[in-house]
Structures are given as structure tokens and as C-alpha cells.
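Residue numbering for the sequence shown follows this note's numbering, starting at 9 and increasing by one per position. Quick reminder that beta carbons are idealized off the backbone N, C-alpha and C, glycines included. Bear in mind that the values here come from a model prediction, so they are computed numbers and not experimental data. Everything below concerns the one structure shown next.
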Amino acid sequence: MSTAPAGYRMIEVPEYRKDEFLQVDQLAFAFEPDAETAAQVPLTLDWSRTMAVETEAGLLAAVHASFPFTLPVPGAVVACAGLTWVGARPDQRRRGLLSAMIDTHFERALGRGEPVSALFAAEPAIYGRFGYGSAADNLRLVVPRGAALRDVQGSGALTVRFEPLDRSIHVPLVQAVHAAAGNGRPGWIRRDTALLQERHLADPPAWRDGGEPLRVVTVLAGDLPRAYALLRRKEVGGDGASRTKVLVREVAALDAASAHRLWSVLLDLDLTATVETGMLAVDDELMHLLVDPRASVPKVSDNLWVRLLDVPAALSARRYSAPIDVVLDVRDSRLPMNAGRWRLATGAQGPDGAWPAQVTSTDRPADLDVDVRELGASYLGGRSLAALGRAGLVTEHYAGVLQGVATAFGWPLAPVCSWMF
Ligand SMILES: CC(C)(COP(=O)(O)OP(=O)(O)OC[C@H]1O[C@@H](n2cnc3c(N)ncnc32)[C@H](O)[C@@H]1OP(=O)(O)O)[C@@H](O)C(=O)NCCC(=O)NCCS
9 MSTAPAGYRM IEVPEYRKDE FLQVDQLAFA FEPDAETAAQ VPLTLDWSRT
59 MAVETEAGLL AAVHASFPFT LPVPGAVVAC AGLTWVGARP DQRRRGLLSA
109 MIDTHFERAL GRGEPVSALF AAEPAIYGRF GYGSAADNLR LVVPRGAALR
159 DVQGSGALTV RFEPLDRSIH VPLVQAVHAA AGNGRPGWIR RDTALLQERH
209 LADPPAWRDG GEPLRVVTVL AGDLPRAYAL LRRKEVGGDG ASRTKVLVRE
259 VAALDAASAH RLWSVLLDLD LTATVETGML AVDDELMHLL VDPRASVPKV
309 SDNLWVRLLD VPAALSARRY SAPIDVVLDV RDSRLPMNAG RWRLATGAQG
359 PDGAWPAQVT STDRPADLDV DVRELGASYL GGRSLAALGR AGLVTEHYAG
409 VLQGVATAFG WPLAPVCSWM F
């Protein structure tokens with residue numbers, strides 16, 4: 009049972025204390041929405057999953073919440089507690105409040121049968137100590153206008169709409185295409201509630217930073233939407249010259265032809281000079297379609313962080329890229345039930361070409377020593393255990409074991425989540 013430090017108590021936050029809850033994060037993250045923004049951006053909190061550390065005097069000192077996500081993992085999906093809204097008041101920090109909240113978060117997620125937790129880290133140095141591993145990267149590209157693309161058959165036959173945001177049309181359209189576009193992509197968390205879908209298309213004036221209101225580009229085959237981009241254009245002056253940037257919030261496409269058609273439009277908008285993409289997978293179609301990828305400026309940054317809360321349940325929930333039978337000696341100082349030797353043995357290859365696995369406690373000697381943090385990092389198939397081994401973070405007991413295990417844990421498509429929660 010997790011506890012709060014002396015002088016504090018852990019509480020569920022009732023909805024009527026919403027303003028107190030919000031104030032903690034406004035102080036922690038240095039923001040305060042104006043009334044117009046607050047009215048236009050729906051609050052997506054699930055009050056049964058919204059927690060705070062309260063002082064004896066009744067002040068909310070630190071808060072967190074979580075979303076009940078379904079996380080796509082290699083070859084499968086798994087119930088996942090998406091940790092969010094984590095903040096401590098600046099005058100209450102470094103007293104162990106986050107540590108206590110993490111213990112509570114783990115305990116409650118496990119109690120709900122969620123074997124995995126995931127998050128976006130405000131600062132990368134925070135969450136490793138709690139066993140979260142950096143499991144995915146995202147790529148943001150600045151692409152010059154007019155960048156040429158390789159041909160894709162069928163692209164020219166698709167039609168394009170360029171429209172102002174119309175929530176009644178675009179909220180369901182974006183949701184349908186986004187959900188389907190993620191098939192086969194680990195990490196591609198869907199926005200499964202109406203509130204998350206509405207919030208993703210929120211566009212209060214305060215968020216425009218001098219740019220135009222949000223626009224939606226839709227690629228259609230007949231009447232059927234096949235791809236979309238959410239974007240705004242913004243003029244940036246400098247040295248007497250003004251240039252207009254296309255700032256893309258998100259793209260999703262159902263196939264290669266629609267991705268090609270979409271980028272053809274985005275890269276050739278009149279009056280613009282550059283296109284800045286949103287968070288793309290590091291192996292996104294665009295990287296392969298650009299004739300001259302070197303002309304674009306890439307920025308790679310950490311995307312999802314993943315924590316295995318129930319190691320055997322989490323490892324047996326995903327599929328593997330090759331057959332293995334291996335004993336992992338897992339270190340987990342925060343959740344000791346995960347520590348010890350686990351045998352991971354794959355079964356018969358499935359119709360998708362991947363292998364399911366059973367994970368059981370064992371007395372057999374270990375093949376690999378691994379911390380739960382590195383297991384989380386490799387869980388979505390986007391970080392090689394062999395590369396983590398070369399960094400000294402995973403140890404093999406027999407030469408060559410790591411090669412086979414890293415191959416099995418890898419996955420053909422790089423993981424990414426296209427939106428921050
Ligand atoms: C990040 C934050 C929630 C930490 O809360 P806190 O109550 O001060 O954290 P704790 O006292 O439980 O710290 C636990 C450990 O993490 C370390 N830590 C906390 N925040 C850290 C940070 N930003 N960078 C590096 N280490 C950090 C502490 O030093 C402590 O280390 P120790 O165990 O070796 O002593 C708080 O600083 C905050 O609200 N920051 C601004 C908002 C934010 O970044 N939220 C996270 C959103 S993902």
C-alpha cells in the first residue's frame with residue numbers, strides 16, 4: 009500500500025475541486041489559460057483516475073491523472089495507464105511527492121489490470137528512476153517548399169479539400185482516419201473518447217501565435233477520406249524578408265498513395281517557404297518519398313516512455329519477431345514482484361508471421377541481466393536490446409544471446425504516438 013510523506017495524504021480529487029487541481033498544474037507548468045481558451049478547450053480528465061497529494065491543511069500540493077488507453081504493441085494491444093497532468097507546486101517540490109504519486113499510480117493501474125504505463129516526459133531526466141524507459145523517438149522535419157517526392161501510383165487520381173476547421177465534419181473524419189492509419193504501428197495510441205477527439209481539434213486564438221486558424225487538408229478517393237493534415241500557416245518576418253511557414257499539427261494516411269498526395273499538397277502551398285511537420289515516426293513514409301532528404305532539417309526527440317508494471321503479463325501480451333527461449337534476470341527496485349528470473353519462451357508462429365510467448369517464473373540460470381527500465385525501452389520494438397547492451401545497460405551471460413533476443417524484441421515498424429497527452 010503506497011503512502012504519502014509525513015504531513016500529507018493521497019486523495020482522489022472530486023470534480024468539484026477541479027479549479028484547485030488545475031491551479032497546481034498552472035503553477036507547475038507556468039501557464040494560465042484566458043477565459044476564452046478555457047471555454048474552448050475541453051478538460052479530458054477522468055475523475056475516477058485523478059489524484060492529488062494534499063497537505064494536512066487541505067492544500068493540493070501535487071497532482072496526477074491517467075487515461076485508460078489501449079496501447080498498440082508489436083502484434084497486439086495491451087491495457088495501458090497513460091500518466092498525465094503530473095505536477096507539484098513549486099513551493100512543494102523535492103519532498104518526495106512525485107515519488108509517492110508514482111507508487112500510487114502503479115498500485116492503482118495494477119489494481120485495474122493495466123500491466124503497462126506510458127507517458128510523455130516534460131523533462132527526460134525525471135522518469136527513468138521510476139523504471140520508465142524511453143521507448144520511441146519522433147522525428148520533426150523542416151522541409152523546403154517544393155521538395156520533390158518519388159512517384160506513387162494512384163496518387164494523382166485522389167482529390168483534395170483544403171478547408172477551415174468545421175468541427176461537425178472534421179472531428180469524426182480525423183478520428184476515423186487516425187484510428188485506421190495506426191494499424192500495425194506500435195505506440196499509435198488512439199483518442200478513444202469524445203473529449204480527447206474534441207480537444208485534439210481545439211483551436212483557441214491564444215494557441216495560434218500569430219498564425220491563421222487551424223485548417224484541414226483532406227485527401228479523398230471519391231467520397232471516402234483517406235488522409236488528412238491539421239495545419240496553420242504563419243508569416244515570420246526577419247531581416248526585411250518575410251517567409252510563411254506551414255506548421256503541421258498532425259498527419260495520418262491510410263496508404264502510400266494518399267500519403268503521397270497529402271505531402272504533395274503540403275509541400276507546394278502558394279506563398280510558403282517551409283513546412284514543419286508534427287511528430288512523425290522515424291521511418292515515416294515521407295522520409296522514403298523525399299528525393300533529397302538531406303535538404304530537410306531533422307529533429308529527433310524522445311516520444312513515448314513505457315513502464316512495465318506487471319512484467320510477465322506485459323511480455324506475454326506482445327508478439328516477437330523471431331522464436332526465442334531465454335531467461336531474463338530482471339531488476340525492479342520499485343515493484344519487487346517483477347524482480348527475479350523469468351523464462352520467455354515463444355510458441356508457434358502466428359498467421360501474422362510473429363511469435364506469441366509465454367512468460368513464467370523459473371529457477372533456470374539467467375541468460376541476460378536487464379533492468380525493468382530497459383525492458384520498457386525495448387517493449388515497443390523500437391530500441392534494440394543489443395544497442396542497450398553496447399551502452400552497458402543490459403548484460404548477457406553467454407556470448408551471442410543478446411543478438412537473438414534483440415532480434416526477437418525488434419519490430420519492422422518504428423513506434424510512435426502522433427499526439428501528446
Ligand atoms: C517533476 C516534478 C513533478 C517532481 O516533483 P517532486 O515532488 O519535486 O519530485 P520528488 O521530490 O518525488 O523527486 C523524486 C526524485 O526525482 C528527482 N527529480 C524530480 N524532478 C526532477 C527533474 N525535473 N529532473 C531531474 N530529477 C528530478 C528528485 O531530485 C528526486 O531524486 P532523489 O530520489 O534522488 O532524491 C515537479 O518538479 C514539477 O511539477 N515540475 C514541473 C512540471 C513537470 O515537469 N511535470 C512532469 C510532467 S511529465
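Could you work out which residue in Val-71, Glu-44, Ala-43, Pro-41 is closest to Leu-53 when comparing CA atoms only? Working through the sequence shown from its first residue, we reach residue 53 at position 45. Ranking Val-71, Glu-44, Ala-43, Pro-41 by Cα distance to Leu-53 puts Val-71 first.
When you compare each of Leu-275, Thr-226, Ala-330, Pro-22 to Pro-172 by their alpha carbons, which one comes out closest? The residue you call residue 172 lines up with position 164 of the sequence shown. Among Leu-275, Thr-226, Ala-330, Pro-22, the Cα nearest to that of Pro-172 belongs to Thr-226.
Three-state class that DSSP yields for Gln-366 in the structure shown: One-based indexing of the sequence shown puts residue 366 at position 358. Strand, per DSSP.
Please state whether DSSP places Arg-241 in a helix, a strand or coil. Here residue 241 refers to the residue found at position 233 when the sequence shown is read from its first residue. Of the three classes helix, strand and coil, the one that applies to Arg-241 here is strand, per DSSP.
Hey, could you find the ends of the alpha helix (DSSP H) Gly-412 is sitting in? Here residue 412 is taken as the residue at index 404 of the sequence shown, counted from 1. Residues 409–417.
Within the segment 315–379, note down every full alpha helix (DSSP H) run reaching 4 residues or more, in order along the chain. 319–325
Contact check, Ser-329 vs Trp-271, beta carbons under 8 angstroms: Stepping through the sequence shown from its first residue, residue 329 is reached at position 321. Stepping through the sequence shown from its first residue, residue 271 is reached at position 263. It is not a contact, given that the beta carbons lie outside the stated cut-off.
Please determine if the segment 42–57 and the segment 202–213 are in contact, where contact requires at least 3 C-beta pairs separated by less than 8 angstroms. yes
Let me know if Asn-311 comes out buried or exposed under the rule of 16 or more other beta-carbons within 10 Å of its beta-carbon. For the purposes of this step, residue 311 is identified with residue 303 of the sequence shown, where counting begins at 1. Looking at its Cβ environment, which holds 16 or more other Cβ atoms inside 10 Å, Asn-311 is buried.
Provide the residue(s) that pair with Arg-17 in DSSP beta bridges, ordered along the chain. Here residue 17 refers to the residue found at position 9 when the sequence shown is read from its first residue. Paired residues: Glu-62.
Taking 7 angstroms as the cut-off, is the CB of Ser-107 close to at least one heavy atom of ligand 1? On the sequence shown, residue 107 is found 99 positions in, with the first residue counted as 1. Because some heavy atom of ligand 1 lies under 7 angstroms away, the Cβ of Ser-107 counts as near it: yes.
In this structure, how does DSSP classify His-113 when only helix, strand and coil are distinguished? Here residue 113 corresponds to residue number 105 of the sequence shown, with the count starting at 1. Helix.
With a threshold of 7 angstroms, establish whether the CB of Glu-40 neighbours any heavy atom of ligand 1. What you label residue 40 is simply residue 32 of the sequence shown in a count that begins at 1. No, ligand 1 has no heavy atom inside 7 angstroms of this Cβ.
How would you write the range of the alpha helix (DSSP H) that Glu-206 sits in, first residue to last? Position 198 of the sequence shown, counting from 1, holds the residue named residue 206. Note, Glu-206: alpha helix (DSSP H), 202–208.
Would you tell me roughly how many angstroms separate the C-alpha atoms of Leu-421 and Pro-82, rounded to the nearest one? Your numbering for residue 421 matches position 413 in the sequence shown. Your numbering for residue 82 matches position 74 in the sequence shown. Roughly 9 angstroms separates the two Cα atoms.
DSSP three-state call for Leu-421: helix, strand or coil? In the sequence shown, counting from the first residue as 1, residue 421 sits at position 413. Leu-421 falls in the coil class under three-state DSSP.
Please give me, in chain order, every unbroken run of the beta strand (DSSP E) with length at least 3 that falls completely inside the segment 152–232. 167–172, 223–229
Give me the Cα-Cα distance between Ala-229 and Glu-258, rounded to the nearest whole angstrom. On the sequence shown, residue 229 is found 221 positions in, with the first residue counted as 1. On the sequence shown, residue 258 is found 250 positions in, with the first residue counted as 1. Cα to Cα, the separation comes out at about 20 angstroms.
Residues sharing a beta bridge with Trp-313, DSSP: Along the sequence shown, read from residue 1 onward, the residue named residue 313 stands at position 305. Trp-313 is bridged to Leu-127, Ser-142.
Just to confirm, are Ala-108 and Ala-12 a CB contact at a threshold of 8 angstroms? Your numbering for residue 108 matches position 100 in the sequence shown. Your numbering for residue 12 matches position 4 in the sequence shown. Taking 8 angstroms as the Cβ cut-off, Ala-108 and Ala-12 qualify as a contacting pair.
If we require 4 or more residues per run, which alpha helix (DSSP H) segments fall completely within the segment 240–310? 264–274, 293–297
Apart from the five residues just before and just after Ala-353, which ones in its own chain have a Cβ nearer than 7 angstroms to its Cβ? Along the sequence shown, read from residue 1 onward, the residue named residue 353 stands at position 345. Asp-333, Ala-365, Gln-366, listed in sequence order.
To the nearest angstrom, how far is the alpha carbon of Leu-149 from that of Thr-252? Your numbering for residue 149 matches position 141 in the sequence shown. Your numbering for residue 252 matches position 244 in the sequence shown. Each residue's Cα considered, the two are about 16 angstroms apart.
Endpoints, the beta strand (DSSP E) within which Val-71 is located: Your numbering for residue 71 matches position 63 in the sequence shown. 68–81 is the extent of the beta strand (DSSP E) around Val-71.
Assuming contact is defined by CB atoms lying nearer than 8 angstroms, are Pro-423 and Gly-390 in contact in what I supplied? Stepping through the sequence shown from its first residue, residue 423 is reached at position 415. Stepping through the sequence shown from its first residue, residue 390 is reached at position 382. Yes, the pair counts as a contact, with Cβ atoms nearer than the cut-off.
The beta strand (DSSP E) that contains Thr-92, what's its start and end? Working through the sequence shown from its first residue, we reach residue 92 at position 84. Looking at the DSSP string, the run of the beta strand (DSSP E) that includes Thr-92 is 84–96.
Quick one: using the 10 Å Cβ neighbour count with 16 as the cut-off for buried, is Arg-381 buried or exposed? Taking the first residue of the sequence shown as 1, we reach residue 381 at position 373. That one is buried.
For the segment 93–106 and the segment 297–309, state whether three or more C-beta atom pairs, one from each stretch, are separated by less than 8 angstroms. no
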